[in-house]
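Numbering (my numbering), first residue to last: 202 to 615.
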């Protein structure tokens with residue numbers, strides 16, 4: 202690389218221009234041929250010209266090397282007269298970033314932001330039905346809100362095998378995989394993560410007119426408000442803990458008409474929902490010291506203008522080394538429906554037999570479900586499925602016997 206012009210002090214641009222017209226020989230005064238200098242790239246290569254910081258001097262150099270701002274280099278002085286020439290020594294290989302580092306960085310960003318879906322969905326339903334508030338929103342924001350509601354799975358859809366399969370594919374867990382393997386983005390049109398991302402983009406681009414109106418809270422009121430917010434935030438999904446069912450929420454936008462306050466609230470909730478989706482993806486990644494697969498995701502199901510949330514964990518069961526049978530999977534399902542309370546169900550299918558155990562946190566619900574087990578057994582048998590056992594008990598299921606290990610990098614081929 203050759204020096205262009207004289208050294209440039211880190212001062213005003215007018216001084217730099219003036220100094221650039223001075224004789225180039227002054228550029229390397231005090232240096233000797235063969236000397237190795239440490240340099241930092243101040244400005245990346247544009248038209249084969251870059252700007253380096255060398256020993257408190259800024260030097261314009263001609264180079265075709267792909268340099269980036271902040272990159273540290275070692276250069277050797279090859280010639281001082283008649284025109285200074287520096288030789289770029291071999292670039293050190295980039296420091297490899299491990300999968301664990303990438304996953305940990307994603308976790309650190311997502312954990313403090315994650316929130317549950319129910320408050321967001323309650324507000325989106327409210328906005329889609331409230332003409333007074335929705336009239337203040339930008340048309341593209343309102344269109345994105347209606348798109349989210351329109352694409353939520355309906356109860357009539359998930360009661361069929363094909364409908365449930367399609368809903369699971371669009372749960373957000375497999376979005377990157379679909380995008381990577383599709384010639385167009387049309388396959389992601391109904392994916393919950395895709396449409397929430399579109400909503401987030403429209404909220405950020407919405408006109409910021411007017412002023413947010415907030416009323417300062419006293420110390421005690423602030424503590425009460427913070428406790429109420431924290432109570433709505435479910436624990437993050439992780440392999441080593443059972444899911445905590447989330448009941449329907451009430452809209453938090455009732456009585457709020459200021460458009461910036463509305464955008465701020467749904468923007469924060471949408472960002473939290475996307476962060477939680479990312480945590481589900483990270484929790485579903487293959488583990489370094491485990492040979493069994495596991496997927497965790499949440500499925501919102503719409504019915505009569507409200508949305509219930511069903512949490513799924515699909516886990517491949519461990520097998521003996523000499524076991525030649527097909528892989529066996531267990532499905533853990535958790536939900537909190539109005540009138541029933543929190544319910545957890547484990548379904549397993551092995552050696553052509555179905556096994557189901559339910560835990561109801563309400564005693565009345567446990568008794569009701571136990572009575573319905575006979576009807577469920579009859580339906581399984583009518584479908585040609587042999588029943589191993591079906592039972593229900595009052596309480597909560599035991600914690601999963603899964604060790605919590607560091608996550609791996611998010612793999613779009615999951």
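Beta carbons are placed, not taken as given, at the ideal position from N, Cα and C, and that holds for glycine.
Using a Cβ distance threshold of 8 Å, residue 374 and residue 482 count as a contacting pair.
Residue 462 and residue 437 have their C-alpha atoms some 27 Å from each other. In the structure shown, residue 250 falls within a strand segment according to DSSP collapsed to helix, strand and coil.
Taking 8 Å as the upper bound for CB-CB distance, residue 403 and residue 345 are in contact here, some 5 Å apart. When secondary structure is reduced to three states using DSSP, residue 332 falls in the helix class. With a beta-carbon spacing of about 6 Å, residue 324 and residue 453 fall inside the 8 Å limit used to define contacts. Taken through DSSP and simplified to helix, strand or coil, residue 363 comes out as helix. Residue 358 and residue 397 have their C-alpha atoms roughly 21 Å apart. Look at residue 569 here: in three-state DSSP terms it is helix. In this structure, residue 249 lies away from residue 241, with their beta-carbon atoms at least 8 Å apart. If you look at residue 588, you'll find it in the beta strand (DSSP E) that goes 587-595. In the pairwise beta carbon analysis, the segment 525-540 is classified as not touching the segment 348-357: fewer than three pairs are separated by under 8 Å. In terms of Cα proximity to residue 499, the closest of 448, 339, 589 is 448. If the five residues before and after residue 474 are omitted, its C-beta is found closer than 7 Å to the C-beta atoms of 316, 318, 321, 397, all from its own chain and listed in chain order. Distance check between residue 328 and each of 383, 300, 349 places 349 closest, using alpha-carbon atoms only.
If you check the CB distance, residue 441 and residue 599 do not come in under 8 Å.
If you draw a straight line from the Cα of residue 270 to the Cα of residue 560, it is about 58 Å long.
Listed in chain order, the non-local C-beta contacts of residue 409 below 7 Å within the same chain comprise 461, local neighbours out to five positions each way being set aside.
If you compare the alpha carbons of 552, 252, 362, 353 with that of residue 509, the shortest gap goes to 353. CA-to-CA, the gap between residue 518 and residue 528 works out to about 7 Å.
A straight line joining the alpha-carbon of residue 471 with that of residue 477 spans about 10 Å. A direct Cα-Cα distance of roughly 34 Å separates residue 406 from residue 366. Shown here for residue 594: same chain residues with a beta carbon closer than 7 Å to its own, the five before and five after excluded, namely 560, 567 in chain order. C-alpha of residue 588 to C-alpha of residue 334: approximately 52 Å in a straight line. In this structure residue 259 is buried. Its beta-carbon is surrounded by 16 or more other beta-carbon atoms within 10 angstroms. Under the DSSP definition of a beta bridge, residue 407 lacks any partner. With 16 or more neighbouring CB atoms inside 10 Å of its own CB, residue 512 falls in the buried class. Per DSSP, reduced to three states, the secondary structure at residue 581 is helical.
A direct Cα-Cα distance of roughly 58 Å separates residue 233 from residue 399.
For residue 390 and residue 381, the gap between their C-alpha atoms comes out near 14 Å. Each residue's CA atom was taken as its position, placing residue 467 and residue 278 some 58 Å apart. The DSSP-derived three-state label of residue 266 is coil. Taking all protein chains shown into account, residue 564 has fewer than 16 neighbouring C-beta atoms within 10 Å of its C-beta and is therefore exposed.
Inclusion of residue 547 and residue 531 in the CB contact set at 8 Å is warranted, their separation being smaller than that value. Taking a 10 Å sphere around the C-beta of residue 261, we find 16 or more other C-beta atoms and assign the residue as buried. Note: residue 501 is bridge-paired with 510 in the DSSP secondary-structure output.
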